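Undergrad: Submitted below is the structure of interest, expressed as structure tokens.
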């Protein structure tokens, strides 16, 4: 854009609407009384051109820079005017900086459900019956559906938003009850309602309905914060009870429906793996990011249709991240997790069926992951107590059980190491590694009691 032969402004890119730009500063030295020529040079190779330009002058408001130039020295003095001009130049430099914003992508739903729906008589599209509007299941005592006008933006009907708000509403008791029951299940191995996916007539009734309602109210009152609920449950006397039983209570309540003791349970597949990584000091607590690939035996990959491309390869640091970040592939399950009743990803799984089978023992004794972890643990205890086998055994047992080991347990460890060295001619390091492998197989490490 030229004014009286001077370049006063330039633009890049495509312009599809009117743009008003303040060019007062650039025009002050070339404006003429009664005669000004505005010229525009547009370089465009395709798409057509349309130019409509002109000068706009607001007669009711004189720009501050013009006033400062004309009367600043007289009103403020030369020092203040120089300070103003300096600050003005700094402001213009800042405004000229282009900020590059990082693009963020999120999954969305292209809604196309403004079509009317009818009850189809006998299932035939040609026999339309009564028109049907959006509604919640009546069995849940849900309110009537009302979609505000401001929810219908663009192609969105607003029905999904109304559904989401109803699900998360404090007035909806079902969501809070289901969530509280799930939290209880993950801490105790079973929910207050044992059929976690079915709160209906064919599901099991809650063993403690008042407790479930109280937990649900606490969840809502705490603004749905899960950490608060975890602390509440784990600080309770019920959670801290022992799993030891007695004959009288077992005879009256063999299923422990009244929760008179803690149900001893084995750690889940993910908990076992993460506990081993944490014990050996390898657990990477980094949060977020893409999924990771653990080290899978070649024999397992050989069964795939594409052995070379069936599984990714992550760095050792990433492989030691928590199990929740492991890549899930329906046609290739992670071997270690699968051995310990990992959920089938083809179906929903409200409760995992816990099994005790020989392959689990074989996995804990022979898998590369366990043997590598035992080697790491042996190195750690050797660094903590160099040359002292007794202290190393105590350290290993203490790390796994979080209690002071007994003298009998320490002596059993010394006897095992001595026997391995005598019968297999193993070195002290190898024998200690075998002992650490035994430590990782302890029921006290694998079970919550």
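In my numbering, the protein residues as written are 179 to 627. Even glycine gets a Cβ: it sits at the ideal position worked out from N, Cα and C. Treat the numbers as computed from the prediction; the structure is a model and nothing was measured.
1) Is residue 359 buried or exposed, if buried means 16 or more other CB atoms sit within 10 Å of its CB?
2) Pick from 325, 311, 621, 537: whose alpha carbon is nearest that of residue 294?
3) Figure out for me which residue from 557, 558, 574, 263 has the closest Cα to the Cα of residue 620.
4) I need the boundaries of the beta strand (DSSP E) containing residue 419, first residue and last residue.
5) If you draw a straight line from the C-alpha of residue 301 to the C-alpha of residue 401, how long is it?
6) What do you reckon, are the CB atoms on residue 438 and residue 447 nearer than 8 Å?
7) How many angstroms separate the CA atom of residue 523 from the CA atom of residue 398?
8) Do residue 538 and residue 518 have their CB atoms nearer than 8 Å?
9) Which value, in whole angstroms, describes the spacing of the CA atoms of residue 445 and residue 413?
10) In terms of residues, what are the limits of the alpha helix (DSSP H) holding residue 571?
11) Tell me which residues share the same chain as residue 627 and place their Cβ nearer than 6 Å to its Cβ, disregarding the 5 neighbours each side in the sequence.
12) Which whole-angstrom value describes the C-beta separation of residue 455 and residue 395, a residue pair presumed to lie in contact below a C-beta threshold of 8 Å?
13) Have a look at residue 490 and residue 547 and give me their C-alpha separation to the nearest angstrom.
14) Helix, strand or coil for residue 520? Go by DSSP, reduced to three states.
15) Spatial neighbours of residue 203 within its chain, please: CB distance less than 7 Å, with the 5 preceding and 5 following residues excluded, ordered by chain position.
16) Just reading off the alpha helix (DSSP H) that residue 271 is part of, what are its end residues?
17) Among all the DSSP beta bridges, which residues are the ones paired with residue 196?
18) Using a 10 Å radius around the Cβ and a threshold of 16 neighbouring Cβ atoms, would you call residue 296 buried or exposed?
19) Thinking C-beta only, is residue 344 closer than 8 Å to residue 379?
20) State whether the stretch 456 to 470 contacts the stretch 544 to 564, with contact taken as three or more CB pairs (one from each stretch) at a distance under 8 Å.
21) Beta strand (DSSP E) containing residue 307: first to last residue?
22) Looking at the unbroken alpha helix (DSSP H) that takes in residue 362, where does it start and where does it end?
23) Comparing the CB of residue 249 with every heavy atom of the ligand HEM, is any distance shorter than 7 Å?
TA: In terms of the structure at hand:
1) buried
2) 311
3) 574
4) Premise fails: residue 419 is in no beta strand (DSSP E) and is neither H nor E.
5) 44 Å
6) no
7) 30 Å
8) yes
9) 20 Å
10) 567 to 579
11) 421, 442
12) At roughly 37 Å, the Cβ-Cβ gap does not stay under 8 Å, so residue 455 and residue 395 are not in contact.
13) 17 Å
14) coil
15) 243
16) 256 to 274
17) BP columns for residue 196 are empty, so no partner.
18) exposed
19) no
20) yes
21) 306 to 310
22) 351 to 366
23) Among the components of this structure there are no ligands whatsoever, and the ligand HEM is therefore not found.
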